[in-house]
Structures are given as structure tokens and as C-alpha cells.
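>
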Amino acid sequence: MISPWGYPDFDAHEALHFVTDEASGLRAIIAMHSTHLGPAGGGSRFWHYADDSDALTDALRLSRGMSYKNAMAGLPLGGGKAVILADSDRTKSPELLAAFGRAVDGLGGKYVTAEDVGMSVSDMIEIARQTKFVAGLPVATGVGGDPGPHTSLGVFLGIKAAVKRVLGKDSLDGLHLALQGAGSVAGGVARHAAAEGAKLTIADVDSARAQALGSLCNATIVDPADIMSVEADVFSPNALGAILDQQSIAALNAPIVAGGANNQLKTPEDGQRLMDRGILYAPDYVINAGGIINVSTEYLRDGDVDLVRQRIEAIPERLEAIWSDSASSGRDPAAVADAMAQKLIGRG
């Protein structure tokens, strides 16, 4: 077996914790990429992996992405991520969540967790019974709760910035968006875009969820295998990562890629492939920072809903800085963003 140091996505991660609790069935990996700017902040993903090595790869890539995301958003947080390895039935019990909460607590605040794929606000409540190092909790007023709507808002504003740059339009009215995914983030993006008059095409592996969102937004539903080749003004990936590779990029039929999924590029070279095709790419960890902005503001108690909105509305400005640098330097936007983020976390 290859050690973690030999994994392609190992990037001088500060710590990796492999957690086992036989009584509850918990198996989890907590990866901390950097604490240069503060405690490693990032959600917990509950997912069934075909192979344990896939879970490790996910933890490594997602935690590095959180380092970059938090740095580029100007937050006083480092980057971390947890993956909880679900069984094939995706069995989730209060005992399992409690065991995970104890594991987070045992790190003494070096890692702060929140929701991610497969986890909910109610799950965070269970985890919070064991540790104070958790965010995304419900509140009566102010910031907190589900970060999904905040992520959606940031992605929507980023799409508008890309449309302005490529198509010269201030509105999505009459434009066609192809959305991959129909979950929390994709649903929010779809509702924002539909309200502005956009035409939508949606695909999701959960056909019932896709149909429900499509009915709400008057969208066309297509098979997930077809969504990346739909002719559109914007392709918006909002599901899982590593979907942009040599083959899929060649099939894209949109001048803009902008969405909320993490780790959209399968390899660093895929950023250049998009640029070579004349497709404008919005680096994922910049455009999808709205959720962690809300989580950070909640956890650090350093602002209110107005500050959260203000910070999210700065996402288009950061994207513009990246695209301008890309245009002048000839480097693809993903490479530009990576270089900026690495400098911010002391690894430039």
C-alpha cells in the first residue's frame, strides 16, 4: 500500500487522522492541510466509497481546496476536511455522529467542522453535543444554519460576473444555463437564475430530485450523461468533482464553466485545456466560498448577516482579478488562483 506521502494529492498536509470507533461503526479521515491562517476549517462529508483509497484522495483534495478557499475569501481560517466512510446502506446513527464529534473534540480546536455532502444541520446538532468546534448550527436570528443558500448566492453572482466578461450582459435574462446537479447548491442557483429569466437545463443522478427542481424552475431535464454536451451559455457543475478532463472538456458546448462543485478539474492540466478551447473557467474554490463565509462568520462571531452578504458580494471582484491576471499573463485561471492562494498560506 502506498503511504499518504506517496499519494498524488498529498500536498505537505500538516496532519492526517484516521478515526475508528468499532462500537458505532465509525470510520473517518480528518485531513488538515494548513493552519497558517487559523484553525483548519472545512465540512464533513458522509459518503460511500468504492475503495478506501478513494476516501483518502477525497480528504486530501478537499482539505487542500479549503485552504485555498478560505485564503482567497480573506477568512482567518486554514483548510481541513473530514470524510466519514458510509457503508453501502449509508447507515448513520446518533452513536456514529457522537463518536465523530468526540474525534473532532480530541483535536482541541485545530479542526472546525460543518456540513458537507451527506450531512445536515440536524447532524451538526448531534456532533455539537460532543464538541464546540462545529458550525452550521441553527440560530433564531443572525448567521448560521445551512450554508447551502450562501454557496448558491456566491455561485450565482460569479456566473453573472462571467457572463458580463464573456457575453457583455448584465443579466441572465434569456440566457441558457446547463446545471449538473439538483441538490441544495444547484437548487439555489437554479432559483436565482430562473427568477432573472434564464432558461435552464438540469440533470441529476436522482431523477426525482431533478424533476422536482425542473418543475419549480420550468427547466428541461436531461440524462446526466448528456448535460456536459448541452449547447448553452453557461455550464454549471454543482455535483461531485473531477468531472472536467480531456474527454469531457472536448465535448463542452458552452463558453463559460462556473459552478459550485469542489475539485472540478481532474488534473491541473485541465485548466489549460479549458483555456485552449476559449472557455472561461471560474475556479471552484473562489466562486463557491459563500458557504464557508457564512460558517466562518458564525463560528468566529465576527459579524452579522449584512457582513456575510458583503463578503459574498466580493466574490465577483476576486474572480475578475483572477481573470485579468490570466488574460495578461497567459496562465489559465485555475493556475492563477492556485498561485494566489499558495502565497496567502505561506507556500508561494
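For what it's worth, the working numbering labels the leading residue of the sequence shown as 457, then goes sequentially. Think of the CB as a built atom: it goes at the ideal place given N, C-alpha and C, for glycine as much as any other residue.
(1) From ALA666 to VAL568, what distance separates their C-alpha atoms?
(2) Is the beta carbon of ILE771 closer than 9 Å to that of VAL751?
(3) What does the Cβ neighbour count give for GLN702, buried or exposed, with the cut at 16 atoms within 10 Å?
(4) Alpha carbon to alpha carbon, what distance is there between ALA790 and GLY738?
(5) So which of LEU472, LEU730, GLY530 has the shortest CA-CA distance to GLN766?
(6) Taking the beta carbon of ALA506 as the centre, do at least 16 other beta carbons fall within 10 Å, making it buried, or is it exposed?
(7) Looking at the strands, I want to know which residues DSSP matches up with TYR567.
(8) For LEU736, which residues of its own chain have a beta-carbon under 6 Å away from its beta-carbon, when the five flanking residues on both sides are left out?
(9) Using 8 Å as the Cβ pair cut-off and three pairs as the minimum, do the region 638–645 and the region 659–679 touch?
(10) Classify VAL645 as buried or exposed, calling it buried when 16 or more other Cβ atoms lie within 10 Å of its own Cβ.
(11) Below 9 Å between beta carbons: does that hold for GLY610 and GLY747?
(12) When we look at the beta-carbon of GLY814 and count the other beta-carbons within 10 Å, is it buried (16 or more) or exposed?
(13) Since MET429 is in the beta strand (DSSP E), which residue starts that stretch and which ends it?
(14) Could you compute how far the alpha carbon of ALA745 sits from the alpha carbon of ALA642?
(15) Does DSSP classify MET457 as helix, strand or coil?
(16) Based on DSSP bridge pairs, tell me the residues matched to ILE486.
(17) Go ahead and label THR587 buried or exposed: buried means 16 or more other beta carbons lie within 10 angstroms of its beta carbon, across all protein chains shown.
(18) Quick test of your reading: LEU533 and GLU769, contact by CB under 8 Å. State the CB separation rounded to the nearest angstrom.
(19) Return helix, strand or coil for LYS655, following the three-state DSSP convention.
(20) Suppose contacts are defined by Cβ-Cβ distances below 9 Å. Is ALA654 in contact with LEU633 by that definition?
(21) At 4 residues or longer, and completely inside the region 672–734: list those alpha helix (DSSP H) runs for me, N to C.
(22) Assuming contact is defined by CB atoms lying nearer than 9 Å, are ALA538 and VAL560 in contact in what I supplied?
(23) Around the Cβ of ASN431, are there at least 16 other Cβ atoms within 10 angstroms (buried) or fewer (exposed)?
(24) To the nearest angstrom, report how far apart ALA797 and MET731 are at their CA atoms.
(25) Is the Cβ-Cβ distance between SER480 and ALA591 less than 9 Å?
(26) With LEU628 as the anchor, note down where its alpha helix (DSSP H) starts and where it stops.
(27) Within 10 Å of its beta-carbon, does PRO464 have 16 or more other beta-carbons around it, so buried, or fewer, so exposed?
(28) For ARG585 and PRO594, I'd like the C-alpha separation in whole angstroms.
(29) Of the choices GLY536, GLY497, LEU541, GLY498, whose alpha-carbon is the least far from that of PHE466?
(30) So, VAL686 versus ALA649, is the Cβ gap smaller than 9 Å?
So, from the listed chains and residues:
(1) 32 Å
(2) no
(3) exposed
(4) The amino acid occupying residue 738 in the given sequence is Ala; Gly does not appear at that position. Each residue's Cα considered, the two are about 8 Å apart.
(5) GLY530
(6) exposed
(7) ALA496
(8) ALA618, VAL622, ILE712
(9) yes
(10) buried
(11) yes
(12) In this structure the chain extends from 457 to 804, so residue 814 is not present and cannot be described.
(13) Because the chain is modelled from 457 through 804, residue 429 falls outside the range shown and cannot be assessed.
(14) 14 Å
(15) Note on MET457: pLDDT 49, under 50, position unreliable in the model; the coordinate value appears next. DSSP places MET457 in coil when its eight states are reduced to three.
(16) HIS473, ALA538
(17) buried
(18) Between GLU769 and LEU533 the Cβ distance is about 20 Å, and since that is not below 8 Å, they are no contact.
(19) strand
(20) yes
(21) 702–707, 725–732
(22) yes
(23) Within the shown structure, residues of the chain are numbered from 457 to 804, placing residue 431 beyond reach of any answer.
(24) 20 Å
(25) no
(26) Looking at the DSSP string, LEU628 is not in any alpha helix (DSSP H), and its letter there is neither H nor E.
(27) exposed
(28) 14 Å
(29) GLY536
(30) no
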